[in-house]
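J.: In the UniProt record's numbering, the protein residues as written are 1 to 171. After the C-alpha coordinates below, expect a handful of questions from me.
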Amino acid sequence: MNRVFLLGRLTTDPNPGKNPSMSMATFTLAVNNRYGGDKENTDFIPVVCWNNQANFVNRYLKKGDLVLVEGSIRVNRSNNSDNTERRTFVNVSATNIQSINTRSSNTNRTSTPTAHEVNLDKTPIDQLFPENDASINLETSEQKIDDQPSKLTSEDDQSLEWFAKINSDDK
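Below you can see the structure in the form of C-alpha coordinates.
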(Lines of atoms letter the chains of each structure in order from A and count residues from 1; the text may use other names and numbers.)
(Lines give C-alpha, C1' and ligand atoms only; values in the text may rest on other atoms or scores of the structure.)
Protein backbone atom coordinates (compact mmCIF):
# COMPACT_ATOMS: atom_id res chain seq x y z
CA MET A 1 0.00 0.00 0.00
CA ASN A 2 1.31 3.47 -0.94
CA ARG A 3 -0.40 5.96 1.38
CA VAL A 4 1.09 8.95 3.19
CA PHE A 5 -0.23 11.58 5.62
CA LEU A 6 1.75 14.79 6.07
CA LEU A 7 1.14 17.70 8.42
CA GLY A 8 3.05 20.83 7.50
CA ARG A 9 3.01 24.41 6.26
CA LEU A 10 3.08 25.72 2.70
CA THR A 11 6.46 27.33 1.98
CA THR A 12 5.06 29.50 -0.84
CA ASP A 13 1.70 30.35 -2.34
CA PRO A 14 0.35 27.47 -4.48
CA ASN A 15 1.38 27.40 -8.13
CA PRO A 16 -1.52 26.75 -10.54
CA GLY A 17 -0.39 24.13 -13.00
CA LYS A 18 -0.27 24.25 -16.77
CA ASN A 19 -2.49 21.38 -17.80
CA PRO A 20 -5.19 22.30 -20.34
CA SER A 21 -7.40 19.27 -19.63
CA MET A 22 -7.75 19.61 -15.83
CA SER A 23 -7.04 21.88 -12.87
CA MET A 24 -3.66 21.40 -11.23
CA ALA A 25 -1.77 22.92 -8.30
CA THR A 26 1.71 22.39 -6.92
CA PHE A 27 3.28 23.54 -3.68
CA THR A 28 6.04 22.61 -1.26
CA LEU A 29 5.16 21.46 2.23
CA ALA A 30 7.57 22.00 5.16
CA VAL A 31 7.25 19.01 7.49
CA ASN A 32 9.13 18.74 10.79
CA ASN A 33 10.76 15.48 11.84
CA ARG A 34 11.84 14.80 15.39
CA TYR A 35 14.68 12.39 15.99
CA GLY A 36 17.19 11.57 18.69
CA GLY A 37 14.91 12.79 21.45
CA ASP A 38 15.15 16.56 21.15
CA LYS A 39 16.57 17.06 17.65
CA GLU A 40 14.50 18.34 14.75
CA ASN A 41 14.88 18.46 10.99
CA THR A 42 12.56 19.99 8.40
CA ASP A 43 11.84 18.20 5.11
CA PHE A 44 10.55 20.15 2.10
CA ILE A 45 8.19 17.89 0.19
CA PRO A 46 6.79 18.72 -3.27
CA VAL A 47 3.03 18.12 -3.55
CA VAL A 48 0.85 18.01 -6.67
CA CYS A 49 -2.94 17.87 -6.75
CA TRP A 50 -5.63 17.79 -9.43
CA ASN A 51 -9.23 18.84 -10.15
CA ASN A 52 -11.30 19.78 -7.04
CA GLN A 53 -8.27 19.45 -4.76
CA ALA A 54 -6.36 21.84 -7.03
CA ASN A 55 -9.28 24.28 -7.17
CA PHE A 56 -9.45 24.26 -3.36
CA VAL A 57 -5.68 24.77 -2.95
CA ASN A 58 -5.46 27.55 -5.54
CA ARG A 59 -8.46 29.40 -4.12
CA TYR A 60 -8.10 29.04 -0.34
CA LEU A 61 -4.51 28.27 0.66
CA LYS A 62 -1.48 30.52 0.91
CA LYS A 63 2.08 30.55 2.18
CA GLY A 64 2.31 29.61 5.86
CA ASP A 65 -1.02 27.76 6.05
CA LEU A 66 -1.00 24.57 8.12
CA VAL A 67 -2.47 21.67 6.14
CA LEU A 68 -2.94 17.94 6.41
CA VAL A 69 -2.20 16.20 3.12
CA GLU A 70 -3.24 12.64 2.30
CA GLY A 71 -1.89 11.05 -0.83
CA SER A 72 0.64 8.69 -2.33
CA ILE A 73 4.33 8.94 -3.12
CA ARG A 74 5.12 9.15 -6.82
CA VAL A 75 8.54 8.45 -8.30
CA ASN A 76 9.25 9.52 -11.88
CA ARG A 77 12.47 8.69 -13.68
CA SER A 78 13.73 10.20 -16.90
CA ASN A 79 16.93 10.53 -18.89
CA ASN A 80 18.36 13.80 -20.10
CA SER A 81 18.34 14.51 -23.83
CA ASP A 82 21.62 12.70 -24.58
CA ASN A 83 20.90 9.74 -22.23
CA THR A 84 24.00 10.41 -20.11
CA GLU A 85 22.20 11.19 -16.89
CA ARG A 86 19.19 9.56 -15.28
CA ARG A 87 17.07 11.78 -13.03
CA THR A 88 14.62 10.78 -10.35
CA PHE A 89 11.79 13.05 -9.20
CA VAL A 90 9.77 12.30 -6.06
CA ASN A 91 6.56 14.05 -5.00
CA VAL A 92 3.31 13.41 -3.19
CA SER A 93 0.17 13.14 -5.31
CA ALA A 94 -2.51 14.50 -2.96
CA THR A 95 -5.95 12.91 -2.81
CA ASN A 96 -7.23 14.87 0.21
CA ILE A 97 -6.13 18.22 1.61
CA GLN A 98 -7.48 19.76 4.80
CA SER A 99 -6.70 23.20 6.18
CA ILE A 100 -5.88 22.94 9.90
CA ASN A 101 -6.37 26.16 11.86
CA THR A 102 -4.85 26.18 15.35
CA ARG A 103 -6.56 28.04 18.18
CA SER A 104 -3.93 30.77 18.30
CA SER A 105 -4.24 31.54 14.59
CA ASN A 106 -7.95 30.75 14.23
CA THR A 107 -9.15 33.90 15.96
CA ASN A 108 -8.44 36.14 12.98
CA ARG A 109 -8.36 33.69 10.07
CA THR A 110 -11.06 32.81 7.61
CA SER A 111 -12.53 29.36 8.20
CA THR A 112 -11.63 27.26 5.19
CA PRO A 113 -13.85 24.45 3.92
CA THR A 114 -12.22 21.24 2.75
CA ALA A 115 -11.92 20.36 -0.91
CA HIS A 116 -14.45 17.54 -0.45
CA GLU A 117 -16.97 20.02 0.96
CA VAL A 118 -16.63 22.35 -2.01
CA ASN A 119 -17.34 21.82 -5.67
CA LEU A 120 -16.09 25.23 -6.80
CA ASP A 121 -17.80 25.01 -10.16
CA LYS A 122 -21.26 24.23 -8.74
CA THR A 123 -21.45 25.55 -5.16
CA PRO A 124 -23.03 29.03 -4.80
CA ILE A 125 -21.02 31.43 -2.67
CA ASP A 126 -23.84 31.76 -0.10
CA GLN A 127 -23.55 28.03 0.63
CA LEU A 128 -19.80 28.34 1.15
CA PHE A 129 -20.18 31.24 3.61
CA PRO A 130 -23.67 31.26 5.19
CA GLU A 131 -24.48 34.50 7.06
CA ASN A 132 -25.72 32.82 10.24
CA ASP A 133 -22.87 30.35 10.71
CA ALA A 134 -21.05 31.53 13.84
CA SER A 135 -18.15 29.15 13.22
CA ILE A 136 -17.04 31.10 10.17
CA ASN A 137 -14.99 34.22 10.87
CA LEU A 138 -14.76 36.34 7.74
CA GLU A 139 -12.15 38.75 9.13
CA THR A 140 -8.74 38.51 7.56
CA SER A 141 -5.47 38.21 9.38
CA GLU A 142 -2.67 40.72 9.36
CA GLN A 143 -0.36 37.90 10.47
CA LYS A 144 3.18 38.34 9.12
CA ILE A 145 4.71 35.28 7.51
CA ASP A 146 8.46 35.41 7.13
CA ASP A 147 10.52 33.70 4.46
CA GLN A 148 11.37 30.73 6.67
CA PRO A 149 8.80 27.94 7.09
CA SER A 150 7.21 27.82 10.52
CA LYS A 151 8.02 25.06 12.96
CA LEU A 152 5.10 22.97 14.16
CA THR A 153 4.08 23.59 17.76
CA SER A 154 2.37 21.56 20.46
CA GLU A 155 -0.84 23.39 19.49
CA ASP A 156 -0.45 21.97 15.97
CA ASP A 157 -0.12 18.48 17.49
CA GLN A 158 -3.31 19.09 19.50
CA SER A 159 -5.11 20.23 16.35
CA LEU A 160 -4.09 17.04 14.56
CA GLU A 161 -5.34 14.92 17.49
CA TRP A 162 -8.63 16.83 17.40
CA PHE A 163 -8.83 16.38 13.63
CA ALA A 164 -8.26 12.61 13.94
CA LYS A 165 -10.92 12.34 16.66
CA ILE A 166 -13.65 14.15 14.73
CA ASN A 167 -12.96 12.12 11.60
CA SER A 168 -13.07 8.82 13.49
CA ASP A 169 -16.40 9.81 15.11
CA ASP A 170 -17.96 10.24 11.65
CA LYS A 171 -17.21 6.67 10.55
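Glycine included, every Cβ here is placed at the ideal spot set by N, Cα and C. Predicted model only: the values in this text are computed from it and were never measured.
Determine the closest residue to Cys49 out of Asn101, Thr11 and Thr95, with distance taken between C-alpha atoms.
T.: As a first step, residue 49 must be located in the sequence shown, where it is residue number 49. When only C-alpha atoms are compared, the closest one is Thr95.
J.: Which runs of the alpha helix (DSSP H) at least 4 residues long sit entirely within the segment 8-61? Give them in chain order.
T.: Runs found: 51-60.
J.: Kindly list the residues whose CB is nearer than 6 angstroms to the CB of Thr42, restricted to its own chain and excluding five residues on each side of it in sequence; keep chain order.
T.: Translated into positions along the sequence shown, residue 42 becomes position 42. Excluding residues within five positions, the ones whose Cβ falls inside 6 angstroms are Ala30 and Asn32.
J.: With burial defined as no fewer than 16 other Cβ atoms inside 10 Å of the residue's Cβ, what is the status of Phe56: buried or exposed?
T.: Position 56 of the sequence shown holds residue 56. Phe56 comes out buried.
J.: State the DSSP-derived secondary structure class of Asn91, mapped to helix, strand or coil.
T.: Walking along the sequence shown from the start, residue 91 turns up at place 91. Here Asn91 sits in strand by DSSP.
J.: Which of the three DSSP states, helix, strand or coil, is assigned to residue 206?
T.: Here the chain has residues from 1 to 171 only, and residue 206 is not among them.
J.: Please go through the same chain and pick out, in chain order, the residues whose beta-carbon is closer than 7 angstroms to the beta-carbon of Ile73, but skip the five residues on each side of it.
T.: Taking the first residue of the sequence shown as 1, we reach residue 73 at position 73. Within the same chain, Ile73 has close Cβ partners Asn2, Val4, Val90 and Val92.
J.: Is DSSP giving residue 172 helix, strand or coil here?
T.: The question about residue 172 has no answer here: the residues shown for the chain are numbered 1 through 171.
J.: Here's the rule: buried if 16 or more other CB atoms are within 10 angstroms of the residue's CB, otherwise exposed. What is Phe44?
T.: Here residue 44 refers to the residue found at position 44 when the sequence shown is read from its first residue. Exposed, since its Cβ has fewer than 16 Cβ neighbours within 10 Å.
J.: Under the rule that 16 or more other beta-carbon atoms within 10 Å means buried, what is Thr88, buried or exposed?
T.: For this step, residue 88 is matched to residue 88 along the sequence shown. That one is exposed.
J.: Could you tell me if Pro46 is buried or exposed, where buried requires 16 or more neighbouring beta carbons within 10 angstroms of its beta carbon?
T.: Taking the sequence shown and counting its residues from 1, one reaches residue 46 at position 46. Its Cβ having fewer than 16 others within 10 Å, Pro46 is exposed.
J.: Can you name the residues that DSSP bridges to Arg74?
T.: Sequence index remark: in the sequence shown, residue 74 carries index 74 (1-based). DSSP lists Asn91 as partners of Arg74.
J.: When DSSP builds the beta bridges, which residues end up paired with Asn96?
T.: Against the sequence shown, residue 96 aligns to sequence position 96. Note: Asn96 sits in a beta bridge opposite Glu70.
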